Amino acid sequence: MRVHARVARSAVGAGRARDARRAVAGRVQLPGAPARAGGDLRGLRRALPARLGARRPRLGSSAVLTVSTVNVNGLRAAAKKGYREWLAATPADVVCIQEVRAEPGQLTEDVRSPAGWHMAQAHSEVKGRNGVAVLTREEPAAVRVGFGVPEFELSGRYVEVELPTVVVASVYVPSGDVGTPRQDEKDRFMAGFLPYLVELREKAAADGREVLVCGDWNIAHRDVDLKAWKANQKSSGCLPAEREFLSSVFSAGYVDVVRSLHPDVTGPYTWWSYRGKAFDNDSGWRIDYQVATDALAARAVSAVVERPPSYGERWTDHAPVTVVYGD
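If you count by numbering that gives the first Met the number 0, then the sequence shown holds residues 0 to 326, one letter each, in order.
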């Protein structure tokens, strides 16, 4: 595993953040049923101990922790469409992003080092591919890239950071394509990632930390996690072996946090194809997860999928998944 030292911060005007908060306020969709605390973006903010810009408790302590995860589908493009405004407005303490598809030097300064954030990034050795990052309000104690499998060390698919009592990771599982080398790659990734997750949980527990793995897992675990499940039973993302992989993760001391809060809800979908009218018809997949160790998952009090109100307001083909963890 290689250590990646790309952790940065910068400053921009507070006025931009205020404008952004007004621009996106209320654009949050509950995952089909009322959450235990908070019903919209304003509700999430009320659940926090402090508003944006106020002094914050140490991340990962017993205080409230808010985490968002989103596949940005190319950070440079997303930044032009609304990512900057979303990040400036989010109440999150930690943001995990996937499919950055850019090296740090290819990003503008305000995207590479956004105001008030430390950004730990793992980019792919293949330009324009993959890329993951974790943004934290508090500087992490350590940053690690990769999970010990040589094939994926430089693939830009995994980065983790250590906070006082929690390890937070951003993962981008290969999408796969049945009958092609891409599916073989996905199978190898899953085979190597599962034992690492077990090892990570055990090591974190020994250090007094919980674990939270956020990202685009590219798997719909159950039939309720995608609209057209009957038509996709032989498609990558819905294959029995892939679903079994997630089941194995959830049998190894990890919890699907959104599903634990909303066990009987269809979806909530987090990805919609740009093709056809998938978004307008809400024909989506739930493939973006926050996967936490048992004790941390038990602290989750609300979860929302920030689905834009209209197709034209999308800045990515995914939607952010935001969870509030109480004390």
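Every residue, glycine too, gets a C-beta built ideally from N, C-alpha and C.
In this text the structure is predicted, and so the values were computed from the model without any measurement.
Looking only at its chain, what residues have a beta carbon closer than 8 Å to the beta carbon of D279, apart from the 5 residues adjacent to it on each side?
Indexing the sequence shown from 1 puts residue 279 at position 280. Closer than 8 Å at the Cβ level, and outside the excluded window around D279, lie Y310.
Which residues in the same chain as Y195 place their Cβ atom closer than 8 Å to its Cβ, once the five residues preceding and following it in sequence are excluded?
Walking along the sequence shown from the start, residue 195 turns up at place 196. Excluding positions up to five away in sequence, the list reads F146, G147 and V148.
Between the C-alpha atoms of G178 and D326, what's the straight-line distance to the nearest angstrom?
For the purposes of this step, residue 178 is taken as residue 179 along the sequence shown, with counting starting at 1. For the purposes of this step, residue 326 is taken as residue 327 along the sequence shown, with counting starting at 1. If you take the alpha carbons of G178 and D326, they lie about 46 Å apart.
The alpha helix (DSSP H) that contains Q182, what's its start and end?
Reading the sequence shown from its first residue, position 183 is the one you call residue 182. Here the alpha helix (DSSP H) through Q182 covers P180 to A205.
For A119 and A132, what's the separation of their Cα atoms in angstroms?
Sequence index remark: in the sequence shown, residue 119 carries index 120 (1-based). Sequence index remark: in the sequence shown, residue 132 carries index 133 (1-based). Going from the Cα of A119 to the Cα of A132 covers about 5 Å.
Are the CB atoms of E209 and L134 nearer to each other than 8 Å?
The sequence position of residue 209 within the sequence shown is 210, counting from 1. The sequence position of residue 134 within the sequence shown is 135, counting from 1. Result no, Cβ atoms of E209 and L134 do not sit closer than 8 Å.
Please return the same chain residues whose Cβ sits closer than 6 Å to the Cβ of Y324, not counting the five positions on each side in sequence.
Counted from its first residue, the sequence shown places residue 324 at position 325. Within the same chain, Y324 has close Cβ partners L64, R298 and A299.
From T89 to Q182, what distance separates their C-alpha atoms?
On the sequence shown, position 90 is the one that residue 89 refers to. On the sequence shown, position 183 is the one that residue 182 refers to. For T89 and Q182, the distance between alpha carbons rounds to 35 Å.
Per DSSP, what kind of secondary structure is L211 in: helix, strand or coil?
Taking the sequence shown and counting its residues from 1, the one referred to as residue 211 is at position 212. It is a strand residue.
Between the alpha carbons of D176 and D92, how many angstroms are there, rounded?
Indexing the sequence shown from 1 puts residue 176 at position 177. Indexing the sequence shown from 1 puts residue 92 at position 93. Near 35 Å, if we compare the C-alpha coordinates of D92 and D176.
What runs of the alpha helix (DSSP H), each 4 residues or longer, lie entirely inside the segment 224-252?
Segments of the alpha helix (DSSP H) lying fully in the segment 224-252: 239-249.
So what does DSSP say about L64, is it helix, strand or coil?
Taking the first residue of the sequence shown as position 1, residue 64 is located at position 65. Looking at L64 - three-state DSSP - the assignment turns out to be strand.
Based on Cα-Cα distance, which residue from E102, P262 and V142 lies nearest to V160?
By 1-based counting over the sequence shown, the position of residue 160 is 161. For the residues E102, P262 and V142, the minimum Cα distance to V160 belongs to V142.
Since T269 and D287 should fall inside the 8 Å C-beta cutoff, what is the C-beta to C-beta distance between them, to a whole number of angstroms?
Numbered from its first residue, the sequence shown carries residue 269 at position 270. Numbered from its first residue, the sequence shown carries residue 287 at position 288. Contact holds; Cβ gap of about 4 Å.
With 16 other CB atoms within 10 Å as the buried threshold, where does T321 fall?
Translated into positions along the sequence shown, residue 321 becomes position 322. Buried.
Between G191 and the rest of its own chain, which residues show a CB-CB distance below 6 Å, the 5 nearest in sequence each way excluded?
Residue 191 sits at position 192 when you count from the first residue of the sequence shown. Excluding positions up to five away in sequence, the list reads V148.
Could you check what DSSP says for W216 in three-state terms: helix, strand or coil?
For the purposes of this step, residue 216 is taken as the residue at position 217 of the sequence shown. W216: coil per DSSP, three-state reduction.
Go to E108, then tell me how far its beta strand (DSSP E) extends in each direction, as first and last residue.
Translated into the one-based positions of the sequence shown, residue 108 becomes position 109. Element bounds for E108: not the beta strand (DSSP E) but the alpha helix (DSSP H), E108 to R111.
Is the distance from the Cβ of S169 to the Cβ of C237 below 8 Å?
For the purposes of this step, residue 169 is taken as residue 170 along the sequence shown, with counting starting at 1. For the purposes of this step, residue 237 is taken as residue 238 along the sequence shown, with counting starting at 1. Not in contact: S169 and C237 (Cβ atoms no closer than 8 Å).
Does DSSP classify E159 as helix, strand or coil?
Here the question's residue 159 lines up with position 160 in the sequence shown. Note: E159 maps to strand in three-state DSSP.
Between A140 and chain B, is the shortest Cβ-Cβ distance under 8 Å, so that the two count as touching?
No chain B is part of this structure, which consists of one protein chain only.
How many angstroms separate the CA atom of A277 from the CA atom of R313?
Counting from one through the sequence shown, the residue named residue 277 turns up at place 278. Counting from one through the sequence shown, the residue named residue 313 turns up at place 314. Looking at the two C-alpha atoms, the distance is approximately 13 Å.
Between which two residues does the beta strand (DSSP E) holding A119 run?
The sequence position of residue 119 within the sequence shown is 120, counting from 1. Start and end: H117 to A121.
Starting from S169 and walking both ways along the beta strand (DSSP E), at which residues does that stretch end?
Residue 169 sits at position 170 when you count from the first residue of the sequence shown. Where S169 is concerned, the enclosing beta strand (DSSP E) stretches over V165 to Y171.
On the DSSP letters alone, give me the boundaries of the alpha helix (DSSP H) that L86 sits inside.
Start at 1 with the first residue of the sequence shown, and residue 86 comes out as number 87. Segment Y82 to A88, the alpha helix (DSSP H) holding L86.
Comparing C-alpha positions only, which one of E243, E138 and R285 sits nearest to S306?
By one-based count along the sequence shown, residue 306 stands at place 307. According to the sequence displayed, residue 306 carries Arg and not Ser. Considering only alpha carbons, the answer is R285.
Quick one: Cα of F244 to Cα of A87, how far?
Locating residue 244 in the sequence shown gives position 245, where the first residue counts as 1. Locating residue 87 in the sequence shown gives position 88, where the first residue counts as 1. Going from the Cα of F244 to the Cα of A87 covers about 35 Å.
Using the Cβ count rule (16 or more neighbours within 10 Å means buried), how would you classify P98?
Here residue 98 refers to the residue found at position 99 when the sequence shown is read from its first residue. Note that residue 98 is Glu in the sequence shown here, rather than Pro. Counting Cβ neighbours within 10 Å, E98 comes out buried, since at least 16 surround it.
Between which residues of its own chain and G31 is the CB-CB distance below 8 Å, once the five residues before and five after are set aside?
Numbered from 1 along the sequence shown, position 32 holds the residue referred to as residue 31. Per-residue confidence for G31 stands at a pLDDT of 41, beneath the threshold of 50, marking its modelled position as unreliable; the derived number appears in the next sentence. Hits under 8 Å: H261, V264, T265, G266 and P267.
Can you give the Cα-Cα distance for S371 and D224, rounded to whole angstroms?
Residue numbering for the chain in the displayed model covers 0 to 326; residue 371 lies beyond these limits and cannot be assessed.
Give the single residue among H117, N231, Y82 and E184 whose Cα lies nearest to the Cα of E150.
Counting from one through the sequence shown, the residue named residue 150 turns up at place 151. Here the closest residue by C-alpha is E184.
So, with DSSP's three-state summary, where would you put L387?
Residue 387 falls outside the range modelled here, since the chain spans only 0 to 326, and no answer is possible.
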